[in-house]
Amino acid sequence: MEHKAKSIRPFIGAKDFKESSTFYKELGFKEIPISHNMSYFEVHEGYGFYLQDAYVKDWVDNTMLFLEVDSVDRYEAELIKLDLHNKYKRVKLSSIVRNDWGSEIFLHDPSGILWHFGEFH
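For the numbering used here, count along the sequence shown from 1 and bump the result up by 8.
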């Protein structure tokens, strides 16, 4: 089977849709409303996700997304400057982890979704 994909767009949930929407806009995603309870958040053409006003604890607690970035060191500095981990009580930011394959930093969103921002060697 040959895939001629143009994008991939996972669906994620939100415990508080308004709070999560604000968080992702502050993180630099562009919000494109779909309906009153769902928006598409785009970081770059073809790269984004659908945020739903839906919360199932087991689903959200086990959701992880990986976004490859050009420089984890630059990304960490920008995340620290945004101070999202202090603005939102449930947001957690880790330090950079250096692995044999590359480096990554972790950020939990306001609902608990775990983001990996990584850079491959």
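No residue lacks a Cβ here, since even glycine has one placed at the ideal position from N, Cα and C.
Keep in mind it's a predicted model, so treat the numbers as computed, not measured.
V64 counts as exposed, since fewer than 16 other beta carbons sit within 10 angstroms of its beta carbon.
At a Cβ-Cβ threshold of 8 Å, L59 and I16 do not count as neighbours. The count of Cβ pairs closer than 8 Å, one atom from the segment 47-59 and one from the segment 99-114, stays below three, leaving the stretches out of contact.
Listed in chain order, the alpha helix (DSSP H) elements of length 4 or more contained wholly in the segment 55-84 are 65-69. With respect to the 8 Å criterion, E127 and S111 are classified as neighbours on the basis of their beta carbons. M9 and P18 have their C-alpha atoms some 21 Å from each other. Fewer than three pairs of CB atoms, one per stretch, sit closer than 8 Å, so the segment 61-77 makes no contact with the segment 85-96. Taking a C-beta distance under 8 Å as the contact criterion, Y96 and F125 do not qualify as a contact pair.
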